[in-house]
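Take a look at the structure below.
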Amino acid sequence: MRKFLAALLVFVIIGSGTAQAHQPVVLLDSDTTAAKGPLLTDGTISFAIRASFTKAGQKKAFRAQFKKSDSLAVQYLIVDKKPESALKNSELPELEISAPNGSKVRITFNERTKFFEPFGRTNYLYLGRYNAVVQSGTYSFLITARSKAAITIAVGEKEILGEVVRGAVPTPTPTPTPTPTPTPTPTPTPTPTPTPTPTPTPTPTPTPTPTPTPTPTPTPTPTPTPTITSYTMSQVNANNSAASCWSVIDGNVYNLTTWINSHPGGTGAILSLCGVDGTSAFTSQHGNQSAPTERLASFKLGPLQK
117 MRKFLAALLV FVIIGSGTAQ AHQPVVLLDS DTTAAKGPLL TDGTISFAIR
167 ASFTKAGQKK AFRAQFKKSD SLAVQYLIVD KKPESALKNS ELPELEISAP
217 NGSKVRITFN ERTKFFEPFG RTNYLYLGRY NAVVQSGTYS FLITARSKAA
267 ITIAVGEKEI LGEVVRGAVP TPTPTPTPTP TPTPTPTPTP TPTPTPTPTP
317 TPTPTPTPTP TPTPTPTPTP TPTPTPTITS YTMSQVNANN SAASCWSVID
367 GNVYNLTTWI NSHPGGTGAI LSLCGVDGTS AFTSQHGNQS APTERLASFK
417 LGPLQK
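Numbering (the working numbering), first residue to last: 117 to 422.
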């Protein structure tokens, strides 16, 4: 099983006056069934599932896990440009959702609501939306192409980092409780009867053998968990979004996430540093100014691994 955390999407879905950032998941050509496709371990967390098709009849699928009384929120979207925007509803891929009890629902296209996504500066269209209270278990999502097309399926609403699993979900094996071995009860040794002699000789009283005191086994001292003292550039590259923004400046790694919305120069000044070596950009912008340098120091994680 291969497990990964989906990186934060620079993709914003705007509906009913609110903005929602969805984490991207791209369906592969091998994701032809729900069992083969990725699993969203919490379907209430926001994800954007991207599916592209080259011809009619192709299938791609994925799964999402829910607990009892969770809410299912699904939106069907396309980019508002040709060729997708020129396709008729009958030419766009079908989306069928299957519940754990086997019931199915197919998303219907009943709108073409436009919105502008500012981060990617891209126009999108809502084609259909579905909301319901779910059963506990795994829901399956099957997308079937009816022509060459590319779509996005938005699932979930919680704005937190989610986990995606590819492959079979392992079932934990319970550890058996060991059966204690009973301690045998010793059989007492009978006392021999002395043989009478003409002159009785008293039988000496045997001195009992002392029971040895067991030596306690010393408890091993646990090995302390090593503390991370440096970070790799690949870790910095992975934290490249507004939800988790790391940057390298002058050989040190900084977590600038909380500085994004409080920076006086606007969010773009910090977002441009996410996931890269921002030494040159930071130096050219702030030079030898003490206030930004002192502010930067409060976000330091540690040195960059050489």
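For glycine and all other residues, C-beta sits at the position ideal for the given N, C-alpha and C.
N- and C-terminal bounds of the beta strand (DSSP E) containing residue i
| i | result |
| --- | --- |
| Phe-398 | Note, Phe-398: premise wrong, no beta strand (DSSP E); alpha helix (DSSP H) at 395-402. |
| Asn-371 | 368-371 |
| Ala-265 | 265-271 |
| Ser-406 | No beta strand (DSSP E) holds Ser-406; the alpha helix (DSSP H) holding it covers 406-413. |
| Gly-244 | 238-249 |
| Lys-220 | 220-222 |
| Pro-212 | The amino acid occupying residue 212 in the given sequence is Glu; Pro does not appear at that position. Run containing Glu-212: 210-214, per the beta strand (DSSP E) assignment. |
| Gly-418 | 416-419 |
| Ser-206 | Element bounds for Ser-206: n/a, residue is neither H nor E. |
| Val-142 | 139-142 |
| Ile-165 | 163-169 |
| Glu-279 | 279-282 |
Residue i vs residue j beta-carbon contact at 8 angstroms
| i | j | result |
| --- | --- | --- |
| Pro-209 | Ile-165 | no |
| Gly-394 | Ser-363 | yes |
| Pro-420 | Tyr-370 | A small fix is needed here, since residue 420 is Leu in this sequence, not Pro. For Leu-420 and Tyr-370, no; Cβs fall outside 8 angstroms. |
| Gln-181 | Ser-162 | no |
| Phe-178 | Phe-231 | no |
| Tyr-240 | Glu-233 | yes |
| Val-280 | Gly-159 | no |
| Pro-255 | Ile-194 | The sequence given here places Tyr at residue 255; Pro does not occur at that position. No. |
| Leu-387 | Phe-415 | no |
| Arg-282 | Pro-408 | no |
| Ala-167 | Leu-143 | yes |
Cβ-Cβ separation, residue j to residue i (assumed contact under 8 angstroms), whole Å
| i | j | result |
| --- | --- | --- |
| Cys-361 | Asn-368 | With 8 angstroms as the limit, Cys-361 and Asn-368 do not qualify as a contact, their Cβ atoms being about 15 angstroms apart. |
| Cys-390 | Ser-350 | Actually they are not in contact, since the Cβ atoms of Cys-390 and Ser-350 sit about 14 angstroms apart, beyond 8 angstroms. |
| Leu-417 | Ile-365 | The pair is not a contact, with the Cβ atoms about 11 angstroms apart (cut-off 8 angstroms). |
| Phe-398 | Ala-265 | Phe-398 to Ala-265, Cβ: 43 angstroms. No contact. |
Limits of the alpha helix (DSSP H) - the one that residue i falls within
| i | result |
| --- | --- |
| Gln-351 | 349-354 |
| Ala-385 | 383-387 |
Per DSSP, the bridge partner or partners of residue i
| i | result |
| --- | --- |
| Thr-229 | Tyr-242 |
| Pro-199 | According to DSSP, which records beta bridges pairwise, Pro-199 is partnered with nothing at all. |
| Arg-179 | Leu-155, Ser-256 |
| Ser-363 | Tyr-370 |
| Gln-191 | Arg-245, Ala-270 |
Cβ pair count under 8 angstroms reaching 3, the region 191-200 against the region 249-259 = no
State whether the region 260-269 contacts the region 168-176, with contact taken as three or more CB pairs (one from each stretch) at a distance under 8 angstroms.
-> yes
Can at least three beta-carbon pairs, one atom from the region 238-246 and one from the region 211-227, be found at a separation below 8 angstroms?
-> By the criterion of at least three beta-carbon pairs nearer than 8 angstroms, the region 238-246 is in contact with the region 211-227.
Segment contact, 8 angstroms Cβ cut-off, at least three pairs: the region 182-191 with the region 276-283 = Counting C-beta pairs closer than 8 angstroms gives fewer than three between the region 182-191 and the region 276-283, which falls short of the contact rule.
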